[in-house]
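**Student:**
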Amino acid sequence: MDSAVGFCVLGCLLLSSVLLAEQEVENLSGLSPNPDKDIFVVRENGTTCLMAEFAVRFLIPYDVLALNGIDLITEQASLALPRGARIEGSCGSTEAELHISWVNNAYTLRIYFTKEKRTMGSDGKAKETEIWKMNKVQLVYNTSDTTHFINAYNPGKHTASTHRLSALVTPGGRSYVCAAQQTLTLISSDHQKGITIYMSDIQIQPFDIKSDFVFSERKKDSCTPPPLTSQPHKPTPLTPLPTHTCLHCRFPVFPSMRTNQNHTAQHASLYTRTISAHNTVDLYID
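As numbered in mature numbering (1 follows the signal peptide of the UniProt record, and there is no 0), residues -23 to -1, 1 to 263 make up the sequence shown, in order.
(1) Less than 8 angstroms between the beta carbons of V117 and T139, yes or no?
(2) On a Cα-Cα basis, can you pick out the residue from S152, C155, T173 and Y153 that is closest to L161?
(3) If we ignore side chains and look at the alpha-carbon of each, how far apart do V41 and Y130 end up?
(4) Any idea if Q169 is buried or exposed, counting beta-carbon neighbours within 10 angstroms, 16 or more meaning buried?
(5) Please return the same chain residues whose Cβ sits closer than 7 angstroms to the Cβ of A156, not counting the five positions on each side in sequence.
(6) Distance check for T85 and A57, CA to CA, integer angstroms please.
(7) In chain order, what residues of the same chain have a beta carbon less than 6 angstroms from the beta carbon of K92, not counting five sequence neighbours either side?
(8) Under the assumption that Y175 contacts R34 (Cβ atoms under 8 angstroms), give the Cβ distance between them as a whole number of angstroms.
(9) Would you list the one or two residues that DSSP bridges to K113?
(10) Does the beta-carbon of G66 have 16 or more other beta-carbons within 10 angstroms, so that it is buried, or is it exposed?
(11) What's the call for I181, buried or exposed, on a 16-neighbour Cβ count within 10 Å?
(12) Apart from the five residues on each side of it in sequence, which residues of its chain come closer than 6 angstroms, Cβ to Cβ, to S6?
(13) Runs of 3 residues minimum, wholly inside the stretch 112 to 183: which ones carry the beta strand (DSSP E) assignment?
(14) Can you give the Cα-Cα distance for N82 and N119, rounded to whole angstroms?
(15) My assumption, with CB atoms under 8 angstroms, is that E21 sits in contact with E(-2). Please give the rounded CB distance.
(16) Just mark E30 as buried or exposed, buried being the case when its beta carbon has 16 or more other beta carbons within 10 Å.
(17) Going by alpha carbons, who is nearest to A137 out of K197, S166, I50 and M28?
(18) Could you check which residue in N4, A54 and R95 has the C-alpha nearest to that of L36?
(19) So, is T106 buried or exposed, given that buried needs 16 or more other C-beta atoms within 10 angstroms?
(20) Check whether the Cβ of L42 lies closer than 7 angstroms to any heavy atom of the ligand PLP, and answer yes or no.
(21) Measuring CA to CA, which of I186, S193, V146 and G149 is closest to G23?
(22) By Cβ distance, which residues of its chain are closer than 7 angstroms to S193, with the 5 residues on each side in sequence left out?
(23) By DSSP, does G66 sit in helix, in strand, or in coil?
(24) Let me check one thing: in DSSP terms, what residues is E30 bridge-paired to?
(25) Where does the unbroken beta strand (DSSP E) through E3 begin, and where does it stop?
(26) Nearest-angstrom Cα distance between S78 and R195?
(27) Just grab the DSSP bridge partners of V191 for me.
(28) Can you give me the Cβ contacts of P132 inside the same chain, cut-off strictly under 6 angstroms, excluding the 5 residues immediately before and after it?
(29) Can you list, in chain order, the residues of its chain whose CB lies under 6 angstroms from that of A73, leaving out five sequence neighbours each side?
(30) How would you call T147, buried or exposed, if buried means at least 16 neighbouring beta carbons within 10 angstroms?
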């Protein structure tokens, strides 16, 4: 009986090791001549199924207690994705994910992709075509990290997510390429603060990679996909309106912002002084 149990345990361990060996993840950022650019590869069953290259920076607002001990001042933490980050990923026929963690899981960037069929054309010439897109981005961050969040008020972990995202829309079997800066806005669980992600020097393909470690043909004019519609998001008195569809709009890039928030029993009065440079960026939300 004992030998049978031992054999079963050994068999289960061997099976688990085989299953784990079917998926590999590799951080190849050290191969990039650009020190700010990261390269990530997910492989399943010995075949590359997801590749992503990009440079990325994050602008994260957080609260600091003012000198009077009453007001809250909103500061901005600017940080980049470091080399040596730990990655996880998964590939499927219509869904794919890339998870990137660093600083002992104080930060985790999760990027989700989906593949779907769309009907294109009109006047009796409509045809069904396959596309893939980035449909969700999520950032988990910890304001207890004193390297970036200096004197943070009530520090802890927060999660920021996009709202109905439809970005990098690309024909099936091709890769998305764009050197220009792309901007995404995420809404945080930390009092609905807006987190900004700046991505540039991008090449991504989460499906249908034909050759190991080689991107497929790039999408023509990757940086200027057709505009997509979005459903309106109704604001409430307590919830700020998230950023929605915006094609070739102007957003502040790395603004310097301070907000003085005086807490009372009924309301908090908010005063904002913003000094910002502006740059044209693309954001596509479905």
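C-beta atoms are modelled at their ideal positions from N, C-alpha and C, and glycine is treated no differently.
**Tutor:** Straight from the coordinates:
(1) no
(2) T173
(3) 5 angstroms
(4) exposed
(5) S177 and D178
(6) 12 angstroms
(7) T71, W109 and F184
(8) 5 angstroms
(9) Y89
(10) buried
(11) buried
(12) D15, I16 and R60
(13) 134 to 138, 144 to 148, 153 to 155, 159 to 165 and 171 to 182
(14) 9 angstroms
(15) 6 angstroms
(16) buried
(17) S166
(18) A54
(19) exposed
(20) The ligand PLP is not part of this structure, which contains no ligands at all.
(21) I186
(22) G150, R151, S152, Q182, D185, I186 and K187
(23) strand
(24) I16 and Q180
(25) Q(-1) to N4
(26) 28 angstroms
(27) S188
(28) T120 and S121
(29) L27, F90 and P183
(30) buried
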